[in-house]
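Asker: Encoded as structure tokens, here's the structure I'll be asking about.
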Amino acid sequence: GENVEQHPSTLSVQEGDSAVIKCTYSDSASNYFPWYKQELGKRPQLIIDIRSNVGEKKDQRIAVTLNKTAKHFSLHITETQPEDSAVYFCAAIDGGFKTIFGAGTRLFVKA
Amino acid sequence: DAGITQSPRYKITETGRQVTLMCHQTWSHSYMFWYRQDLGHGLRLIYYSAAADITDKGEVPDGYVVSRSKTENFPLTLESATRSQTSVYFCASSESRLNQPQHFGDGTRLSIL
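Here the protein sequences line up with chains C and D, keeping their order. The opening position of the first sequence corresponds to residue 1191 in our numbering, with each subsequent residue numbered one higher. The opening position of the second sequence corresponds to residue 29 in our numbering, with each subsequent residue numbered one higher.
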């Protein structure tokens, strides 16, 4: 079955710097990759997603890139702000409906 | 997303007791899921359902029972609670089409003494 690995597990950046979280997946059939943000004590919420027919997608300060050949996808946050501090989960879906989540990255943005 | 609600938000119970966590969604989503979230383990899938009366085991189903008699409801029951089941439980749903994101409820924080 699908396996998603996520790195790093913890990331600390200075406000205004960029943050990058990387994920790899094992099943070449996976073709949909959502990213979720979970603030402390809150529910995970979708922040951006990418499908396998696209190499990059941007939404304001957030971007996701996908390299199907290498089975890598990454989340890029530019101009980080304290409110970006949260746990971020990458995920993969293999054309079905079950989502395989990465273990999460705890992002700290220092003011 | 007000369309998926979980109850109760907090629950304290004792080992050996039966407890049911409720999940209700108003979107008529076909797929529903139960996860538990423990420190250091991310989100682990307990059970999922593709439609009413269709359920299947996830990664960590032992000690849990689910049912889905109606599309909008997906209760999770701990038949005889154990301390290891202390966790935060999230219900989620997704649309009938494949490759869709999941929408999560606010979670239930369950403590078993």
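Yeah, the Cβ is synthetic: ideal placement off N, Cα and C, and Gly gets one too. No experiment lies behind these values; they were computed from the predicted model shown.
1. Tell me which same chain residues have a C-beta within less than 6 Å of the C-beta of residue 1306 of chain C, skipping the five on either side of it?
2. From C:1296, C:1297 and C:1283, pick the residue whose C-alpha is nearest to that of residue 130 of chain D; which is it?
3. Taking Cβ positions, are residue 1287 of chain C and residue 59 of chain D nearer each other than 8 Å?
4. Could you tell me which residues DSSP puts in a beta bridge with residue 1249 of chain C?
5. I'd like to confirm the pairing. Which residues does DSSP put opposite residue 1239 of chain C in its beta bridges?
6. I'd like the span of the beta strand (DSSP E) that includes residue 1203 of chain C, first residue to last.
7. Using beta carbons (cut-off 8 Å, strictly below), is residue 130 of chain D in contact with chain C?
8. Is residue 1298 of chain C close to chain D? Criterion is C-beta to C-beta, closer than 8 Å.
9. DSSP beta-bridge partners for residue 70 of chain D?
10. Note the first and the last residue of the continuous beta strand (DSSP E) segment covering residue 49 of chain D.
11. Could you please give me the residues that DSSP links to residue 1296 of chain C through a beta bridge?
12. Any idea if residue 69 of chain D is buried or exposed, counting beta-carbon neighbours within 10 angstroms, 16 or more meaning buried?
13. Do the stretch 38-54 of chain D and the stretch 1203-1215 of chain C meet, that is, are 3 or more Cβ pairs less than 8 Å apart?
Answerer: Here's the rundown:
1. Nothing about residue 1306 of chain C can be read from this structure; chain C reaches only from 1191 to 1301.
2. Here residue 130 of chain D refers to the residue found at position 102 when the second sequence is read from its first residue. It is C:1283.
3. For the purposes of this step, residue 1287 of chain C is taken as the residue at position 97 of the first sequence. For the purposes of this step, residue 59 of chain D is taken as the residue at position 31 of the second sequence. Yes, Cβ-Cβ distance for residue 1287 of chain C and residue 59 of chain D is below 8 Å.
4. Here residue 1249 of chain C corresponds to residue number 59 of the first sequence, with the count starting at 1. Answer by DSSP bridge pairing, in chain order: C:1252.
5. For the purposes of this step, residue 1239 of chain C is taken as residue 49 along the first sequence, with counting starting at 1. DSSP output for residue 1239 of chain C lists C:1224 as bridge partner(s).
6. Numbered from its first residue, the first sequence carries residue 1203 of chain C at position 13. Counting along the chain, the beta strand (DSSP E) containing residue 1203 of chain C begins and ends at 1200-1204.
7. The residue labelled residue 130 of chain D in the question sits at position 102 within the second sequence. It does: the Cβ of residue 130 of chain D has a partner Cβ on chain C nearer than 8 Å.
8. In the first sequence, counting from the first residue as 1, residue 1298 of chain C sits at position 108. With 8 Å as the cut-off, residue 1298 of chain C does not count as an interface residue toward chain D.
9. Start at 1 with the first residue of the second sequence, and residue 70 of chain D comes out as number 42. Answer by DSSP bridge pairing, in chain order: D:66.
10. The residue you call residue 49 of chain D lines up with position 21 of the second sequence. Looking at the DSSP string, the run of the beta strand (DSSP E) that includes residue 49 of chain D is 47-53.
11. Within the first sequence, the letter at position 106 stands for residue 1296 of chain C. Partner(s): C:1200 and C:1277.
12. Taking the first residue of the second sequence as position 1, residue 69 of chain D is located at position 41. So residue 69 of chain D counts as exposed.
13. no
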